[in-house]
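Residue numbers (mature numbering (1 follows the signal peptide of the UniProt record, and there is no 0)): -26 to -1, 1 to 460.
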């Protein structure tokens, strides 16, 4: 049984759209001649701007002008611009784990007054999937952003391979239990990966591997696995002392390393393209990724070799919760809940125009365009997008996956959105990246090193101030079913 479920699908798209009237806007063009600048990650992440640009111009008179930079440079650029007073853009795309740095300190403008005064903005805000809205777009209950990418991780697996009778029989003989299809726990996933690694399990004459995923940012795996291994515990106690150096987490780290070792050569450095491509191309029978793979498996896009992509996969692809851990008789299956959000900077000279553009493209009647393409890096973040049947999507996508998203979201394990959040995450990456490729490295020593770094970060940020922010966040997490230390 997974953690406490929450019903995420709220107000229907139809009722929301019925409350919106853009006829007057199209006629009046209330912001004709305005230019709204947008700092946004380049490539497929900029699709949200490009797919709506013409209509925003036509209906509102607003020109969306993007400054596209590499996603890895967004945090540093936005922080530098803020510190130096050189913010010259109104809209900015940020990652949810950075909320503690940008939402409560004066970089982003609260949106509550703009939402209250706008029928369109109210509809867009109400459409955000609940868990994503609370953890990614708000700070202490105040909305600061709308969604761009509802990143939530899940398991993709080959039903035909895990359900192959010969493979099932061989697995049972080797491991002593029936092959789980799909695996519910990380230890089960490790057993499957190690058993299939080096085998020609699809009969094409080539040797395949047991498992691969995006490993180059280890914190994205560490967090949900940690949540599951600890039965839903948080990362710090009430005094901001790290809680990660414990036996069950050390064992979890060892499991992560075994998964890397069951993959192709160089798998530890697989990035956002190589990870999903290994599954799409048929090199591994399972992978962990965000919603993109559900589209890319059927339609050529930004990952995967086009020769392997197509509807021949229909019926062979399975979707499941991210494998977790059994704790005290209950199986916990947390997912990594991250995502990208779009906010308005305090430096924006015309926030009304920026909000008009943002709420327009976030409106339930058109926000599906942001996610309904293999050119985009965006996954569903609105209930209207999930309520749209798979047969109405322009891209091929399985209804089974769309139906799974609410459960994945309800099991989301968020990165701590506290000041310095990026520094804490970088400490995870710094130490675990080395651990994953060094079979002699100690999991306990790795966790101790992360703990020491986290303590130093907390002290450098003013421990008392961090404790105050973390305390408020603990109350929020407690209401969602996480353990909360007293």
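Backbone N, C-alpha and C define an ideal beta-carbon position, used for all residues, glycine too.
Which of the three DSSP states, helix, strand or coil, is assigned to residue i?
i           : result
residue 447 : helix
residue 47  : helix
residue 113 : strand
residue 260 : strand
residue 66  : strand
residue 388 : strand
residue 370 : coil
residue 194 : helix
residue 82  : strand
residue 130 : strand
residue 358 : helix
residue 293 : strand
residue 432 : helix
residue 140 : helix
residue 184 : coil
residue 38  : strand
residue 236 : coil
residue 56  : helix
Report the rounded CA-to-CA distance for residue i versus residue j, giving the unit in angstroms.
i           : j           : result
residue 222 : residue 203 : 6 Å
residue 412 : residue 97  : 51 Å
residue 244 : residue 92  : 44 Å
residue 363 : residue 317 : 29 Å
residue 435 : residue 13  : 27 Å
residue 397 : residue 52  : 15 Å
residue 182 : residue 256 : 8 Å
residue 73  : residue 262 : 25 Å
residue 21  : residue 32  : 18 Å
residue 63  : residue 160 : 44 Å
residue 348 : residue 18  : 9 Å
residue 458 : residue 449 : 8 Å
residue 102 : residue 386 : 15 Å
residue 194 : residue 391 : 14 Å
residue 371 : residue 324 : 39 Å
residue 374 : residue 188 : 23 Å
residue 445 : residue 230 : 30 Å
residue 34  : residue 326 : 12 Å
residue 147 : residue 153 : 10 Å
residue 367 : residue 281 : 23 Å
residue 59  : residue 322 : 12 Å
residue 50  : residue 67  : 13 Å
residue 155 : residue 165 : 12 Å
residue 462 : residue 108 : There is simply no residue 462 to check, as the chain begins at -26 and stops at 460 in what is shown.
residue 502 : residue 88  : Given a span of -26 to 460 for the chain in the structure shown, any question on residue 502 remains unanswerable.
I'd like to confirm something about residue i: is its beta-carbon nearer than 7 Å to some heavy atom of the ligand PLP, or not?
i           : result
residue 355 : The ligand PLP is absent from the structure shown, which contains no ligands of any kind.
Would residue i and residue j qualify as a contact pair, given that the criterion is a beta-carbon distance under 8 Å?
i           : j           : result
residue 456 : residue 106 : no
residue 39  : residue 10  : yes
residue 379 : residue 120 : no
residue 99  : residue 167 : no
residue 304 : residue 80  : no
residue 259 : residue 136 : yes
residue 8   : residue 219 : no
residue 278 : residue 250 : yes
residue 82  : residue 130 : no
residue 75  : residue 395 : yes
residue 313 : residue 110 : yes
residue 113 : residue 78  : yes
residue 432 : residue 142 : no
residue 71  : residue 335 : no
residue 292 : residue 442 : no
residue 333 : residue 94  : yes
residue 466 : residue 287 : Absent from the model: residue 466. The displayed extent of the chain is -26 to 460, so no value can be given.
residue 48  : residue 5   : no
So residue i and residue j are in contact, right, with Cβ under 8 Å, and what is the actual spacing, rounded?
i           : j           : result
residue 424 : residue 389 : With 8 Å as the limit, residue 424 and residue 389 do not qualify as a contact, their Cβ atoms being about 14 Å apart.
residue 192 : residue 352 : Not quite, the Cβ-Cβ distance comes to about 24 Å (not below 8 Å), so this is no contact.
residue 242 : residue 410 : 5 Å
residue 451 : residue 208 : 6 Å
residue 171 : residue 184 : 3 Å
residue 15  : residue 45  : 4 Å
residue 461 : residue 65  : Only positions -26 to 460 of the chain appear in this structure, which leaves residue 461 out of reach.
Cβ of residue i less than 8 Å from any chain D Cβ?
i          : result
residue 84 : The displayed structure is made up of one protein chain only, and chain D is not part of it.
Legend entry - Touch test, the stretch 189 to 209 against the stretch 294 to 308, Cβ-Cβ under 8 Å, three pairs minimum: The stretch 189 to 209 and the stretch 294 to 308 touch, with no fewer than 3 CB-CB distances between them shorter than 8 Å.
Inset, instruction - Answer yes if the stretch 328 to 339 comes into contact with the stretch 266 to 283, meaning at least three C-beta pairs across the two stretches below 8 Å, and no otherwise. - result: Fewer than three pairs of CB atoms, one per stretch, sit closer than 8 Å, so the stretch 266 to 283 makes no contact with the stretch 328 to 339.
Inset, instruction - Report yes or no: do three or more beta-carbon pairs, one from the stretch 121 to 129 and one from the stretch 305 to 323, lie closer than 8 Å? - result: Contact between the stretch 121 to 129 and the stretch 305 to 323 is established, with three or more Cβ pairs separated by less than 8 Å.
Inset, instruction - Decide yes or no for the touch test of the stretch 175 to 183 against the stretch 207 to 226: beta carbon pairs closer than 8 Å, at least 3 of them. - result: Contact between the stretch 175 to 183 and the stretch 207 to 226 is absent, because fewer than three Cβ pairs lie under 8 Å.
Inset, instruction - Report yes or no: do the stretch 20 to 37 and the stretch 344 to 359 share at least 3 C-beta pairs separated by less than 8 Å? - result: Because the criterion of three Cβ pairs below 8 Å is met, the stretch 20 to 37 and the stretch 344 to 359 touch.
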